[in-house]
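> Numbering that gives the first Met the number 0 puts the first residue of the sequence shown at 0, with every later residue one more than the last.
I'd like to ask you about the structure that follows.
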Amino acid sequence: MRTLYLLGNGFDLACGLKSRYADYFESRFKWYKGYNSSDSKAIPAIYKEIQDGGIKNIPSAWFIVFAYEHDQPGYRNDYVLWKDIEKNIDTFLQDYPQENEISISEYFKYFSNSPENTPPQKKSMYELLTLYFQKKDIAFRTEENLFDIFDQELSNLENDFAKYLRTIDQNPNYQANAKLLFEKIQKAETSKRIEYVTFGTIGGHMSSMPKEPHEEFVMSFNYTRPLEDIPNYVNLHGEENQGTAMFGIADDNGYPTKTEMKITSGYRSSFFKDTRRQQKECLDRQSARTINELSKKQIDEIKCFGCSFSDADFDYFRRYFDLAKFDKSDSTLGIYYTNGISRKSAIKDLRKLLNKYDLAHESDNNTYQTLENSGRISFEEIQLPLSNTK
Numbered sequence: 000m001r002t003l004y005l006l007g008n009g010f011d012l013a014c015g016l017k018s019r020y021a022d023y024f025e026s027r028f029k030w031y032k033g034y035n036s037s038d039s040k041a042i043p044a045i046y047k048e049i050q051d052g053g054i055k056n057i058p059s060a061w062f063i064v065f066a067y068e069h070d071q072p073g074y075r076n077d078y079v080l081w082k083d084i085e086k087n088i089d090t091f092l093q094d095y096p097q098e099n100e101i102s103i104s105e106y107f108k109y110f111s112n113s114p115e116n117t118p119p120q121k122k123s124m125y126e127l128l129t130l131y132f133q134k135k136d137i138a139f140r141t142e143e144n145l146f147d148i149f150d151q152e153l154s155n156l157e158n159d160f161a162k163y164l165r166t167i168d169q170n171p172n173y174q175a176n177a178k179l180l181f182e183k184i185q186k187a188e189t190s191k192r193i194e195y196v197t198f199g200t201i202g203g204h205m206s207s208m209p210k211e212p213h214e215e216f217v218m219s220f221n222y223t224r225p226l227e228d229i230p231n232y233v234n235l236h237g238e239e240n241q242g243t244a245m246f247g248i249a250d251d252n253g254y255p256t257k258t259e260m261k262i263t264s265g266y267r268s269s270f271f272k273d274t275r276r277q278q279k280e281c282l283d284r285q286s287a288r289t290i291n292e293l294s295k296k297q298i299d300e301i302k303c304f305g306c307s308f309s310d311a312d313f314d315y316f317r318r319y320f321d322l323a324k325f326d327k328s329d330s331t332l333g334i335y336y337t338n339g340i341s342r343k344s345a346i347k348d349l350r351k352l353l354n355k356y357d358l359a360h361e362s363d364n365n366t367y368q369t370l371e372n373s374g375r376i377s378f379e380e381i382q383l384p385l386s387n388t389k
């Protein structure tokens, strides 16, 4: 029996860690005098901060990009997920943005020519970027130079977010909650029933373990490592305490189909997750060995908790679903969630992911339907009587 656990940001959130994008964003913007609440405009607040105190409290030029999105009508910071931020990064790297979108290419054209028909909100944002780079004594002559600068600015953002995480993950209740939650996920049933034996002393601490050999792998999309005693555990996007945390976008040429051939600008490739993972050496030798070992295995059971199934992470899910061979085996898929996530939204998100999976394979098979009709897919809410995290 072999189980693969996929843990997303929802895992850390469920354990009480304030690692949402909104938590990080607000923790930085509280420094700015012109930003009093999440309803405040972010671009004017950054402009005032730079004018009054310079750039020491501006972690990265990407904060200005995100501030532009923050100031759009109808924007709600509390509803923004990390997958939305990576989508914003992807959009900013596009050659041809939509009417209300911003991009590096468009900014370079504005910087070079200052076209008069630039909308006021975009103009304010591009002028703020220029001011930021002037304060940092950063100059660029070509669009390629500018992409390189934003590559470094993304590293600055990653380093600052890792610094933020180190200030919030020391609470011992977080570690205890993570252990408790993971044990509940381990014991959550799928159609592949695992029998456990219980041992310990009467009236004392009781533990349990699988009756038959059970190999487990944990692939985490988080930057924290609260489960130190779990073997075969990998932080796919690096670790905050190692200084290797990373963001990124999906490889444009990852899985082209006959109906969708993608051509990548060389400038974008340094932002691909597979490229950044190598650049930042996100995986230590043991993690690399674990991933290699997993790639040779047949997975009997996949359990997901807290995953947003973002487009930027699709390559991971495709790879792991391939190992499960859903259409040729009796492998199962379990989706687990807790308070704040509805069963309906969990089903909707998974269906979208599996539809994309089928398209990538150019398959007539409906993987969701195959799993559902054979009783090999399950959705379950896990109740968490967690320790106080304050």
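Don't be surprised by glycine CBs; every beta carbon is placed ideally from N, CA and C.
Once the 5 residues before and after His204 are set aside, which same chain residues still bring their CB inside 6 Å of it?
Cβ within range, chain order: n/a, list empty.
> What is the rounded straight-line gap between the Cα of Gln277 and the Cα of Ser269?
Rounded to the nearest angstrom, the two C-alpha atoms are 10 Å apart.
> For my contact list, Leu6 and Ile298 are in at a C-beta cut-off of 8 Å; report their separation, rounded to the angstrom.
Not confirmed; about 15 Å, so no contact.
> Using the C-alpha atoms, what's the distance from Ile49 back to Leu153?
Approximately 19 Å between the Cα atoms of the pair.
> Taking the straight line between their C-alpha atoms, what separation do you get for Tyr319 and Ile301?
For Tyr319 and Ile301, the distance between alpha carbons rounds to 8 Å.
> Applying the 10 Å Cβ sphere with the 16-neighbour rule, what's the burial state of Lys261?
Caution is warranted here: a pLDDT of 46 is assigned to Lys261, below 50, making its placement in the model unreliable, and the coordinate value is therefore given only provisionally. It is exposed - the Cβ of Lys261 has fewer than 16 other Cβ atoms within 10 Å.
> What residue does the alpha helix (DSSP H) around Arg75 start on, and which one ends it?
Per DSSP, Arg75 belongs to no alpha helix (DSSP H) and is neither H nor E.
> For Tyr315, tell me which candidate among Tyr20, Arg27, Met218, Asp136 has the shortest Cα-Cα distance.
Here the closest residue by C-alpha is Met218.
> Does Phe198 pass the burial test, meaning 16 or more other C-beta atoms within 10 Å, or should it be called exposed?
Exposed, since its Cβ has fewer than 16 Cβ neighbours within 10 Å.
> Could you round the C-beta distance between Thr369 and Asp321 to whole angstroms and report it? I think they count as a contact, below 8 Å.
The pair is not a contact, with the Cβ atoms about 14 Å apart (cut-off 8 Å).
> Using only CA atoms, which one of Arg75, Ser102, Lys296 lies nearest to Asp22?
Nearest C-alpha to Asp22: Arg75.
> Within 8 Å (strictly less), CB to CB, does Ser36 reach chain C?
No chain C appears in this structure, which consists of one protein chain only.
> Smallest Cα separation from Asp250: which of Asp312, Leu145, Pro230?
Ranking Asp312, Leu145, Pro230 by Cα distance to Asp250 puts Asp312 first.
> According to DSSP, is Glu379 helix, strand or coil?
Three-state DSSP puts Glu379 in a strand.
> Taking the alpha helix (DSSP H) that Met0 falls in, what are its first and last residues?
From DSSP, Met0 is part of no alpha helix (DSSP H); its letter is neither H nor E.
> May I ask you to verify whether the stretch 233-250 touches the stretch 74-93, counting CB pairs closer than 8 Å and requiring at least 3?
Touching, yes.
> Assuming contact is defined by CB atoms lying nearer than 8 Å, are Leu127 and Ile63 in contact in what I supplied?
Against a cut-off of 8 Å, the Cβ pair of Ile63 and Leu127 comes out as a contact.
> Under the three-state reduction of DSSP, which class applies to Phe139: helix, strand or coil?
Correct three-state label for Phe139: coil.
> Considering only residues of the same chain and omitting the five flanking positions on each side of Tyr367, which have a CB-CB separation below 6 Å?
Only Arg350, Leu353 meet the Cβ criterion.
> Please confirm if the stretch 228-240 is in contact with the stretch 160-173, defined as three or more CB-CB distances below 8 Å between the two stretches.
Yes, they touch.
> Under 7 Å Cβ to Cβ from Tyr222, same chain only, skipping five residues before and after it: list those, please.
Excluding sequence neighbours, Tyr222 sits near Ala161, Leu164, Asn234, His236, Gly237, Glu238, Glu239, Ala244.
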